[in-house]
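Protein chains in written order, with the working numbering: chain A, 104 to 251; chain B, 1363 to 1896. The next block holds one structure in the form of structure tokens; read it before the comments.
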Amino acid sequence: MSTLPLTDAEARDLRALAGVMIPASDTYKVPGADDEAIFADILKSLDRDTADVRTALAHLAKLAGGAFADLAPDRRRDVAATFKQEGGAPLGALNRVVLLCYYRDDRVMRSLGQEPRSPFPKGHVVEQGDWSLLDPVKKRAPMWRRTS
Amino acid sequence: MNDKVDVLIIGSGASGAAVAYSLADTKMRILCLEQGDWVKPTDYPTNGRDWEARLFADFAINPNRRARETDYPINNGTSPVQVVNFNGVGGSTIMYTAHYPRLHPSDFRVRTLDGVADDWPVDYETLEPFFAENDRMMGVSGLAGDPAYPLHHPPMPPLPLGKSGQAFGRALNKLGWHWWPSDSAIATTEYDGRAACINLGHCTPGCAQGAKASTDITYWPAAIRAGVELRTRACVREITVDADGLATGAIYYDADGKEHFQPAEMVIVACNGIGTPRLMLNSQSGKFPNGIANSSGLVGKNLMFHPFALTYGYVDEPLDGNKGPPLNLWSQEFYETDLARGFVRGYTLQLHRGTGSIVEAIASTAAGRLPWGEDHHKVYRRLLGHRLGMSTITEDLPEEHNRVTLDPVLKDSHGIPAPRIHYTMGENTRKMMDHGIARSKDILAAAGATDIGGEAPILNGGWHLMGTARMGTDPARSVVNEWGRCHDVKNLFIVDGSIWVTSGGVNPTSTIQALALYIADSIKKHLGDGTLFE
């Protein structure tokens, strides 16, 4: 028995849809969301969204008239466009899981100029900025209402 | 049976911690029951690469989504605003932005000044020393001299302006409107054993650095050193009373589901605006068939939320994104009443730093701004790190039909009825929100932002929970008196946001804690002159 949260057919459709949502790009030198490592992360991360994702995939299969993954590329795009309009909250959950995993991939983060690391313990640098911008506000009279 | 204590506090969050600390110097035996756990700094999301993902899982702000074993479910009904909170040592200070304004003097006098709602039985001047003590205990950063407030002196310098703050500053100066560095419960220098902020990013789901002040690392260590006992995984079902109608203690469940009775000389409730009325309504007896201390019928009523409106746009210049605490500035330009605006009272604009990369992608996809397909990458790179956003915190006026009741069906894991929320936004609040959105768009236009978006009210925006056991001098129109003691039960006190008479238009934690310190001080004075239970 499979320990994965989705059936093989559901997983194939999800991977095909992820590739339509975020395709690989030579311009930005990034993989698509259907990349093997990213998709493995997606499958591991469904967690409390599993039921919604399965509902969304059932809707997708219905729109496709069968397996979405078996459609030709042009037809996939058409069906995905309809699905995007009609998917509702279950699609929102599916979309969220795909994005959560895609934008924490090292290759994607580096392409965005980000360091692939946890925020702690290194943190980030935020400039103090030009505090003289506050000078006009400092010159204002008190604005708060006196009560006595 | 457990040994009797002098003081039993229920809830270890913002107010429970403050009152425990203040009462500790009486040397009474004080016990606090907390239904959640201690949260370890190593558990906070910013320790890991999955920090944004956990905002949608075990550190989600909505307890129904988070669904930890220590959370209770909430039936939000048809409310346009859903309750968000956290259950654990520190309560919702674990999971807040640490934006830390005080109420203004006018907030305590809305009936006198504006002819709506009721005046509070306390005022700003009375609370001022307790604000200062609380700022010192929590460790507040900020800048003295804000013309929107009476002069006060935050103990640490303000958070950095950053790129986002400068963009806001230039825009608001162009309009001639007020803005100021926020009072923030975030250490900007080493402070009382806490390290300074290193800009980990979004502070809401807990600070791994310990720079954000949550009461588990501020009040509680001091209270425990002074002898207060804090018992975790103790989920209180009801407060019990004797034949004279005095509180005798509380019944709670431990982590194994075993029922206990904890006797006490006096009980202090600190479960905030939803948890407190839930507990009181569930504390039914022959003496109090409609819930303890509820002869006025007002327990659970007058729920106030501060409905939030989010408005944002995108500028060409790079901003701070998720780097740094998410809130570091406010504008109080529209805080005090101006009837020419078409509503009474007013609102704060809190100015945001930015979002993380994943939250930006999710929000922009949901808004239809970020496409699927080939253009996804190009559009995303134009959005990420360029968002300038702000939220309008509207003053919500008390209305009795906005209320918390016990759900007849939904229960927590111990079988305790869940709270059910009945809430609609009032007309004044709606007009105020529309005004705030319009002014937010003015600010974005002045900053050169395009692609304006927003959410109003923010669905998961019920951070501020107030009014459900209001204070007052008239027992027919309030639940507690002017120093937090229940009119009906002379040894039962409430110290959290539920005692607020009106909501103001600012984040409430600072004032909740100042009130808790004031009530603790009042308890000590009455203890001293022998009038505590008279």
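For glycine and all other residues, C-beta sits at the position ideal for the given N, C-alpha and C. The structure displayed is predicted, hence computed values, not measured ones.
Beta-carbon neighbours of residue i, restricted to chain B and to distances below 8 Å
i	result
A/L215	S1719, R1743, L1746
A/T250	P1467, S1468, F1470, R1471, T1474, L1475, D1485, Y1486
A/V228	N1561, K1685
A/D150	A1419
A/R207	R1411, D1412, E1414, A1415, I1720
A/A183	W1734
Buried or exposed by the 16-neighbour rule on C-beta atoms within 10 Å, applied to residue i
i	result
A/K242	exposed
B/K1525	buried
B/T1566	buried
A/M104	At A/M104 the pLDDT is 41, less than 50, meaning the model places this residue with poor confidence; the figure from the coordinates comes in the next sentence. Classification for A/M104: exposed.
B/K1574	buried
B/N1652	exposed
B/S1468	buried
B/K1663	buried
B/L1641	buried
A/R207	buried
A/D177	exposed
A/Q188	exposed
B/I1392	buried
B/H1446	The amino acid at residue 1446 of chain B is misidentified as His; the sequence shows Val. So B/V1446 ends up on the buried side.
B/T1812	exposed
B/Q1712	buried
B/M1518	buried
Residues bridged to residue i [DSSP beta-bridge criterion]
i	result
B/C1597	B/Y1615
B/C1848	B/V1842
B/W1692	B/W1542, B/Q1712
A/F223	None; A/F223 has no bridge partner.
B/N1437	B/R1782
B/R1801	According to DSSP, which records beta bridges pairwise, B/R1801 is partnered with nothing at all.
B/R1765	B/K1663, B/H1784
B/Q1624	B/A1612
B/C1394	B/I1371, B/L1592
A/S128	A/V133
B/E1817	B/L1672
B/K1773	B/P1779
Residue closest to residue i, alpha-carbon to alpha-carbon, out of the options
i	options	result
B/N1656	B/A1808, B/P1837, B/F1705	B/P1837
B/H1466	B/A1671, B/Y1709, B/Y1383, B/A1882	B/Y1709
B/I1601	B/Y1581, B/T1594, B/P1583, B/H1622	B/H1622
B/E1490	B/G1501, B/L1505, B/P1512, B/A1506	B/P1512
B/G1450	B/P1442, B/G1378, B/T1474	B/G1378
B/D1387	B/Y1486, B/A1588, B/R1473, B/A1380	B/A1588
A/D155	A/E230, A/L236, A/L109	A/L109
B/A1547	B/G1751, B/H1461, B/C1848	B/H1461
B/Y1676	B/H1826, B/G1716, B/F1470	B/G1716
A/D238	B/G1507, B/P1583, B/S1647	B/G1507
A/Y205	B/L1879, B/Y1742, B/F1895	B/Y1742
B/F1492	B/K1886, B/Q1875, B/F1895	B/Q1875
B/Y1458	B/R1464, B/T1440, B/R1473, B/A1376	B/A1376
A/L203	A/L174, A/R213, A/S148	A/S148
B/P1583	B/V1851, B/A1382, B/L1643	B/A1382
Cross-chain neighbours of residue i in chain A, by beta carbon under 9 Å
i	result
B/Y1615	Neighbours of B/Y1615 on chain A: none; closest Cβ ~25 Å, over 9 Å.
B/S1872	The premise fails here: B/S1872 is roughly 15 Å from chain A at the closest Cβ pair, so nothing lies under 9 Å.
B/Y1674	Those within 9 Å of B/Y1674 in chain A number zero; the least Cβ separation is about 18 Å.
B/A1575	Simply none; closest approach about 17 Å.
Amino acids of chain A, ordered along the chain, whose beta-carbon sits closer than 8 Å to that of residue i
i	result
B/H1738	M124, I125, P126
B/T1727	N198, L202
B/D1682	V229
Contacts of residue i in chain B (Cβ-Cβ under 7 Å)
i	result
A/Q231	P1522, L1523
A/R210	Those within 7 Å of A/R210 in chain B number zero; the least Cβ separation is about 13 Å.
Neighbour list for residue i in chain A, Cβ cutoff strictly below 7 Å
i	result
B/F1492	Going along chain A, no residue has its Cβ under 7 Å from B/F1492, so there is no contact; the nearest lies around 18 Å.
B/N1409	S221, F223
B/Q1528	G232, D233, L236
B/A1570	F223
B/A1510	M246, W247
Residues that residue i contacts on chain B, provided the C-beta gap is smaller than 9 Å
i	result
A/A161	Simply none; closest approach about 20 Å.
A/G195	I1724, T1727, A1728
Which complete alpha helix (DSSP H) runs does the segment 1480–1507 of chain B hold, if anything under 4 residues is left out? 1486–1500
Sequence ranges, alpha helix (DSSP H) only - wholly within the segment 1444–1486 of chain B, length at least 4: 1472–1476
Chain-ordered residues of the segment 1533–1544 of chain B with a beta carbon less than 7 Å from chain D: Here chain D cannot be found, since the structure's protein chains are A and B.
3 or more residues per run - each beta strand (DSSP E) lying fully within the segment 1541–1596 of chain B: 1591–1593
Extract the residue ranges of the beta strand (DSSP E) inside the segment 187–244 of chain A, only unbroken runs of 3 or more that lie entirely within it. none
Ranges of the alpha helix (DSSP H) found wholly within the segment 1713–1738 of chain B, counting only runs of at least 4: 1719–1728
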